[in-house]
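Written out below as structure tokens is the structure these notes cover.
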Amino acid sequence: MNKATITAPPQEILAAMQALRSDDPWAALSLAEAGISGAADRAPFLAIASLAALRLQEPERAVPFLQELIERNPADHASRANLANALISLGREQEALALVGGRQEPGMARIEGYLKQNAGATDEAIACYRRAVASKPNDLSSWNNLGNTLSETGDYDGAIEAFERAITLAPADLAIYTNLAEALRKADRTEAHCKVLTDALKVAPDDIGILVDLGVAQAKLDDMPAAIATLRRAIELHPEFSDAHIELGMIFENLNRVDDLDALAASVDQDKAPPEAAFLFAWQARRAGDFDKAAEFAAKIPETIHPMRRDHLVGGIADRRGDIDTAFAAFEAMNQAAVEKGPPLAEESFRSQVESELAEWTTDWAAGWSAYQPGDGIRDPVFLVGFPRSGTTLLDTMLMGQPELSVLEERPMVAHTIKQMEGADLATLTADRLDELRAIYFDSARHYGWDDTRWLVDKHPLNMQRVPTIHRLFPNARFILAERHPYDVVLSCFMANFTMNLAMRSFTSLEEAALTYDAVFRAWERGNDLFPVNRMAVRYERLIDDTAGELRPLVDWLGIEWSDRMLAHTETAKQRGRVRTASYSQIGEELYTRAKGRWVRYAAHLESVMPILRPWAQKMGYPTV
1 MNKATITAPP QEILAAMQAL RSDDPWAALS LAEAGISGAA DRAPFLAIAS
51 LAALRLQEPE RAVPFLQELI ERNPADHASR ANLANALISL GREQEALALV
101 GGRQEPGMAR IEGYLKQNAG ATDEAIACYR RAVASKPNDL SSWNNLGNTL
151 SETGDYDGAI EAFERAITLA PADLAIYTNL AEALRKADRT EAHCKVLTDA
201 LKVAPDDIGI LVDLGVAQAK LDDMPAAIAT LRRAIELHPE FSDAHIELGM
251 IFENLNRVDD LDALAASVDQ DKAPPEAAFL FAWQARRAGD FDKAAEFAAK
301 IPETIHPMRR DHLVGGIADR RGDIDTAFAA FEAMNQAAVE KGPPLAEESF
351 RSQVESELAE WTTDWAAGWS AYQPGDGIRD PVFLVGFPRS GTTLLDTMLM
401 GQPELSVLEE RPMVAHTIKQ MEGADLATLT ADRLDELRAI YFDSARHYGW
451 DDTRWLVDKH PLNMQRVPTI HRLFPNARFI LAERHPYDVV LSCFMANFTM
501 NLAMRSFTSL EEAALTYDAV FRAWERGNDL FPVNRMAVRY ERLIDDTAGE
551 LRPLVDWLGI EWSDRMLAHT ETAKQRGRVR TASYSQIGEE LYTRAKGRWV
601 RYAAHLESVM PILRPWAQKM GYPTV
């Protein structure tokens, strides 16, 4: 039996291959190009020439070699993928799409997904990436790209699952950790966000971006010692001015640790610092009361600082200087940025939700409720409510001075309990189910720090539009309503840099803020009309003019002993830790009257919403124009 003759490769191709292995793509390309014309078999020369050109980052030279390879062998998937990527790098995306579109090979599907994603066809891109991972479950790039595309669409749970699959394939790939962390941040899964960032630090212990993100996440979890330690470590490792200085400065600002803010600013060389440091210096000057100096620094803050932060600071400084038009323009810019940077409104507005619920609160509906008296022996809470920026934070700080009360500030116990109801009609809830829901609420309160040996005060302003639910679960609850002039309230909401969520989105426009105020107060009044709610109002303007005179009737109504500690609210503020509202800086100050009647200075800007708010102001006995 004759053995087949093995023909040795041409010397030219061997030399080109050796040059490529020796990391000399120039020589490999020259040898391959020289050997192509006279070669009986052009394919090996074309392959080496294309690879050498790609290594030299000269995709234009690689394209004709790759095109001929595919013409000779349409099943050459590697060359097809290389050609598609070369065309993409040259901006010839339609040609690339024609090469890979609809093909089943995982590599082709991944490239098609990338092209669809770039073109904004996210649903088609997701389908391509899913096709790729279905054929090749260990396709790391496709899992990562799928996660990024799902995150763009707001499918954070799907994105998180994709990134988690990618991490199992590449447990040391820092980029995937950061992608997963960002999806968790957007999904508001802060504990998991911290865990992933902590794992990422094991991969890159000195990475300043990871350290800063972790510090911010720890602060969001109210673990301020950990956040401060993480950001200090970032600064120690990277002493040059960075986001670590800004985030640490904002924590000190939020905690009213003005001395630490001063020390941090003093540690930065103003002459050598980048323009972004002006943000920190402006905050320091503002907290020191030097508003002219603060304005000088604020004018130097570059656009690299997030516009919500920058414009909020600029507006606040201008307001204190009496420059009303500049202040209002800055707050308009801040709110516009909040809408642009925030997630898209994927559901009905908060106001629409309130109005939809309100429409169901009929007299017949309320009359159909069965009587319920809880038997768990736990005293029903006091609910401190009021439209945001009505003085609820100042009042809850004063109530923290009462040893008989345990005050929780803006924790989601009621929202969590409502979620467990799964849409059930309040009128149909049995006594046993109501007992279960109360237990869920009180367990949640303990989780958030309720000292259950004391009377719980649940401060959450917008619980005022949940009167029927709260009354159903807690028929003996008391409600404290914080009142403030509606014009001042809506203006202050518009001026506040709230963390963006569905409800706070309402305050990015004066008109929507005013309409939301109207809807929430209609819900409050309707709830009080339908049910025997035990309530008392505390007025912000009287609270700052005559604190004891406004608080003593409240204390008597609650049936507790008076404590002078209620008047030492600045000391209480220093001890309470982080304040979870936009009022953090004010509660650390002595009482002031500058925010009372602020609307008068902004009257020209408020004219369009006064007709919406005027009936409420008149009903409360406030002056109007």
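If you count the sequence shown from 1, position 611 lands on 611 in UniProt numbering, and the numbers rise without skipping.
Glycine included, every Cβ here is placed at the ideal spot set by N, Cα and C.
Keep in mind the model is a prediction, meaning the values are calculated, not measured.
Asked, Found
"When burial is assigned at 16 or more other CB atoms within 10 Å of the CB, is G215 buried or exposed?", "buried"
"Counting along the chain, where does the alpha helix (DSSP H) carrying S356 start and finish?", "F350 to A359"
"Leaving out the 5 sequence neighbours to the left and right, which residues in its chain are closer than 8 Å to W369 when beta-carbon positions are compared?", "L426, A427 and R472"
"Spatial neighbours of V625 within its chain, please: CB distance less than 8 Å, with the 5 preceding and 5 following residues excluded, ordered by chain position.", "A603 and M610"
"Got a sec, what are the start and stop residues for the alpha helix (DSSP H) F498 sits in?", "No alpha helix (DSSP H) holds F498; DSSP gives it neither H nor E."
"If you check the beta carbons only, do I176 and L197 fall under 8 Å apart?", "no"
"Is G588 helix, strand or coil when you go by DSSP?", "For G588, the predicted model reports a pLDDT of 45, less than 50, meaning its position is unreliable; a value from the coordinates is still stated below. In this structure, G588 counts as coil in the three-state DSSP scheme."
"Return the residue from the list N497, L462 and S390 that minimises the CA-CA distance to D488.", "S390"
"At which residues does the beta strand (DSSP E) containing M400 begin and terminate?", "No beta strand (DSSP E) contains M400, which DSSP labels as neither H nor E."
"Over the uninterrupted beta strand (DSSP E) stretch that includes R478, give me the two end residues.", "R478 to E483"
"Measure from the alpha carbon of Q11 to the alpha carbon of each residue in C493, D24, G38 and P25, then state which is nearest.", "G38"
"I'd like the span of the beta strand (DSSP E) that includes M536, first residue to last.", "N534 to R539"
"Just reading off the alpha helix (DSSP H) that K419 is part of, what are its end residues?", "M413 to M421"
"Within this structure, are the beta carbons of F474 and A366 separated by less than 8 Å?", "no"
"Count the other CB atoms, across all protein chains shown, that sit within 10 Å of the CB of K619; report buried if there are 16 or more and exposed otherwise.", "exposed"
"Quick check on this structure: which residue in F281, E571, P275 and R522 has the alpha carbon closest to the alpha carbon of L248?", "F281"
"So, are the CB atoms of A183 and S151 less than 8 Å apart?", "yes"
"When the Cα of T469 is compared with those of T499, R454, R257 and L434, which residue comes out closest?", "L434"
"Tell me where the beta strand (DSSP E) around R457 begins and ends.", "Contrary to the premise, residue 457 reads as Val rather than Arg in this sequence. That run of the beta strand (DSSP E) goes W455 to K459."
"Exposed or buried, D213, counting other C-beta atoms within 10 Å across all chains shown (16 or more means buried)?", "buried"
"Contact check, N144 vs N179 under 8 Å by CB: the rounded distance?", "7 Å"
"Would a C-beta distance cut-off of 8 Å place A333 and A318 closer than the cut-off?", "no"
"Is DSSP giving F383 helix, strand or coil here?", "strand"
"Between the C-alpha atoms of L558 and A537, what's the straight-line distance to the nearest angstrom?", "12 Å"
"Give me the Cα-Cα distance between G527 and D311, rounded to the nearest whole angstrom.", "38 Å"
"Near E112, what residues of its chain come up, given a Cβ to Cβ distance below 6 Å and the 5 sequence neighbours on each side ignored?", "V100, G101 and C128"
"How would you label G423, buried or exposed, when you count the other beta carbons within 10 angstroms and need 16 or more for buried?", "exposed"
"For L408, which of helix, strand or coil comes out of DSSP?", "strand"
"Taking C-alpha atoms, which residue in Q353, T393, A439 and F387 lies nearest to G377?", "A439"
"From the DSSP output, in three-state form, read off R189 for me.", "coil"
"Using the Cα positions of residue 640 and L66, report the straight-line distance between them to the nearest angstrom.", "Absent from the model: residue 640. The displayed extent of the chain is 1 to 625, so no value can be given."
"To the nearest angstrom, how far is it from the Cα of T581 to the Cα of H460?", "Residue placement at T581 is flagged as unreliable, the pLDDT there being 47, under the threshold of 50; the coordinate-derived value follows with that caveat. Looking at the two C-alpha atoms, the distance is approximately 10 Å."
"Inspect the beta-carbon positions of L90 and P59 and report whether they are closer than 8 Å.", "yes"
"Assign V489 to one of three DSSP states: helix, strand, or coil.", "helix"
"Between which two residues does the alpha helix (DSSP H) carrying Q336 extend?", "I324 to K341"
"Leaving out five residues before and five after P25 in sequence, what residues of the same chain have Cβ atoms less than 6 Å from its Cβ?", "A52, R55 and L56"
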